[in-house]
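Here the structure is laid out as structure tokens; the discussion comes afterwards.
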Amino acid sequence: SHDTDGDKTNLYGGMALLGYSFGSPAEVSPMVFGGLGFLTHSYKSDTFPAAEGSESGLALGLGAGLGFPLGSVGGMVAASYNMGFGDVDGTTFVGISAAIQIAVGGGSM
């Protein structure tokens, strides 16, 4: 818990995702996704400076959302549950995302 004034936690990292959309990209459709990546959890404390530092490790994310057409591209809104492993074991958070999807490899949205 970080309820003390002057304490600060930052989470950052990167993740490669693979997803599946149910239905046609030409209409609003549900989607699911999962991914693997890395996560860094850094923390700073004005009260306990000796406790400052950062840890990094693997991360797993699982989520669901809605995809929808936006002209020649697509859009999506999603929520995900993300968890860290290794040095960041026990670090979890819920992410909310919005994105523009662009078809690659000759596909269409």
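This note's numbering puts the sequence shown at residues 14 to 122.
For each residue, glycine too, the CB sits at the ideal point set by N, CA and C.
Since the model is a prediction, treat every value here as computed from it, not as a measurement.
Per DSSP, what kind of secondary structure is residue i in: helix, strand or coil?
{"i": "Gly-26", "result": "strand"}
{"i": "Pro-82", "result": "strand"}
{"i": "Asp-18", "result": "coil"}
{"i": "Ala-64", "result": "helix"}
{"i": "Gly-99", "result": "helix"}
{"i": "Ala-72", "result": "strand"}
{"i": "Gly-32", "result": "strand"}
Using the Cβ count rule (16 or more neighbours within 10 Å means buried), how would you classify residue i?
{"i": "Gly-80", "result": "buried"}
{"i": "Gly-87", "result": "buried"}
{"i": "Ser-110", "result": "exposed"}
{"i": "Ala-72", "result": "buried"}
What are the boundary residues of the beta strand (DSSP E) that residue i is part of?
{"i": "Ala-111", "result": "105 to 114"}
{"i": "Val-45", "result": "42 to 58"}
On the DSSP bridge list, what partners appear for residue i?
{"i": "Ala-91", "result": "Gly-78 and Ser-110"}
Could you check whether the Cβ of residue i sits closer than 7 Å to any heavy atom belonging to the ligand GDP?
{"i": "Gly-27", "result": "Ligands in the displayed structure: none, and consequently the ligand GDP is not present."}
Within 8 Å of any Cβ in chain B, is that where the Cβ of residue i sits?
{"i": "Gly-80", "result": "Any reference to chain B falls outside this structure, which holds one protein chain only."}
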